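In what follows, a structure is listed as structure tokens, so that the remarks can point back to it.
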């Protein structure tokens, strides 16, 4: 077998072998030439738009071009690659340099264009994809803030509403709507994405130990069962062995909301603030569902990645929504607004985390009667608006790159 082409060469195939070598040699040259062509195009783009490309971008382009040139001369001596692999690697770097230059030049050109026309909606994307991008974000807001498990009829209604709103928001009308499956994902996708974002925070905030030592495994098992019993994990003060205090005040709830919707000023919680004011009960229930299932993965002492069942998650989610409704109704019966204060604080702290200005608030267990009675005026006093108690001090957690999910 010829090493480069896989074609069988018989004993009398000397001419064929020479022909294959010739083709391989010139193929390599052609590949290198395409790399050179990309670098020349990148430099031409830089020169052509040097008045509108950001100086930092221009420096990056030149640096990449220089790197590619140096790499071309040093590939064989430093890495010992075959001619084919040398050319392929060189072409890859050259292509990336060109793509960066093309993106930078297009962005600079468009920014200059729209700077002259401030009333023109700015977009460099395909109109259909631009609308779809906004529709995806709006859809996430709908299933997060209204109902994570809508009926088929409700979903169909929301799809039409979301697409229309996306067209209005972008100022575009690209024609027939994109198929809903391309922008309206299901609850399992949302819940899985949330799990990946907050699972390490659950581990850190509740104190699960990743050690394989028997003592650690025993600790994790006992902790998981204690947290899941009577929804103890939702309390700011679990008070294991006694009566828990401050329902829905555990800092993991705030942290999960921050991570999922309020990471910065461009996140959905700020961009589509109207859906989060006040903080919806559906959002809190969704967060609690993910937290509960993350804790459940520790019940054997070491975290096991489980396959989540949609029906089970729907049951857990609906149970949390009902418990929140029970708390609100019970507080109102006593003349209080405990749930409203919880919602207000979650929104205020989330917006603060995102760096946005505060704005006016435009089969799980169920609460027992005793637990509802315990959510009394003391909880309201403890949740002072401007002087949050110690149990709401949320530490910053930094995870190492490459943490396994």
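In full-length UniProt numbering, the protein residues as written are 1 to 405. Note that the Cβ used here is the ideal one computed from N, Cα and C, for glycine as well. Just so it is clear, the structure is predicted and the values come from calculations on it, not from any experiment.
Check                                                                                                                           : Outcome
Beta-carbon gap between residue 258 and residue 354 smaller than 9 Å                                                            : yes
Per DSSP, cross-strand counterpart(s) of residue 237                                                                            : 245
Simplified DSSP assignment, three categories, for residue 36                                                                    : helix
Residues of its chain near residue 320, where Cβ-Cβ distance is below 7 Å and the 5 sequence neighbours each way are ignored    : 285, 288, 289, 364
Span of the alpha helix (DSSP H), counted from its first residue to its last, around residue 342                                : 338-354
Whole runs of the alpha helix (DSSP H) within the segment 180-242, excluding any shorter than 4 residues                        : 187-206, 214-228
CB contact below 9 Å: residue 167 versus chain C                                                                                : The structure shown contains no chain C, having only a single protein chain.
9 Å Cβ cutoff met for residue 203 and residue 293                                                                               : no
Helix, strand or coil at residue 279 according to DSSP, with G and I counted as helix                                           : coil
For residue 330, the first and last residue of its enclosing alpha helix (DSSP H)                                               : 310-333
Cut-off 6 Å between Cβ atoms - residues of its own chain near residue 270, not counting five sequence neighbours on either side : 354, 356
Inter-residue spacing [alpha-carbon to alpha-carbon] between residue 420 and residue 325                                        : Lying outside 1 to 405, the shown extent of the chain, residue 420 is not represented and no answer is given.
Cβ separation of residue 338 and residue 327, assumed to be a contact under 8 Å, to the nearest whole Å                         : 7 Å
The alpha helix (DSSP H) enclosing residue 129, as first and last residue numbers                                               : 127-145
Exposed unless 16 or more other CB atoms sit within 10 angstroms - verdict on residue 283                                       : buried
Separation of residue 42 from residue 301, as counted between CA atoms                                                          : 55 Å
Residue 220 classed as buried or exposed, judged by whether at least 16 other C-beta atoms fall within 10 angstroms             : buried
Distance CB(residue 48)-CB(residue 105) smaller than 9 Å                                                                        : yes
Top-ranked residue by Cα proximity to residue 67, from 244, 264, 36                                                             : 36
Neighbourhood of residue 206 by C-beta, 8 Å cutoff - its chain only, sequence neighbours within 5 removed                       : 223, 227, 233, 252, 295
Within 9 Å, strictly: CB atoms of residue 98 and residue 138                                                                    : no
DSSP three-state assignment for residue 273, whether helix, strand or coil                                                      : helix
C-beta contact flag for residue 144 and residue 280 at 9 Å                                                                      : yes
Residue span of the alpha helix (DSSP H) that contains residue 160, given as start and end                                      : 152-170
6 Å Cβ shell around residue 310 - same chain, five flanking residues per side excluded                                          : 188
Span separating the alpha-carbon of residue 249 from that of residue 89                                                         : 54 Å
Per-residue DSSP class, three states only, for residue 407                                                                      : The shown model of the chain, from 1 to 405, leaves out residue 407, and the question about it has no answer.
Cβ-Cβ distance between residue 190 and residue 276 below 9 Å                                                                    : no
Cβ shell of residue 304 (< 7 Å), same chain only, five flanking positions each side left out                                    : 297
Residue closest to residue 241, alpha-carbon to alpha-carbon, out of 306, 225, 254, 69                                          : 225
Neighbourhood of residue 195 by C-beta, 6 Å cutoff - its chain only, sequence neighbours within 5 removed                       : 290
7 Å Cβ shell around residue 244 - same chain, five flanking residues per side excluded                                          : 232, 235, 237, 238
Reduced DSSP secondary structure (H/G/I, E/B, other) of residue 52                                                              : coil
Burial state of residue 342, where buried means 16 or more other Cβ atoms lie within 10 Å                                       : buried
Residue 260, DSSP secondary structure in three states                                                                           : helix
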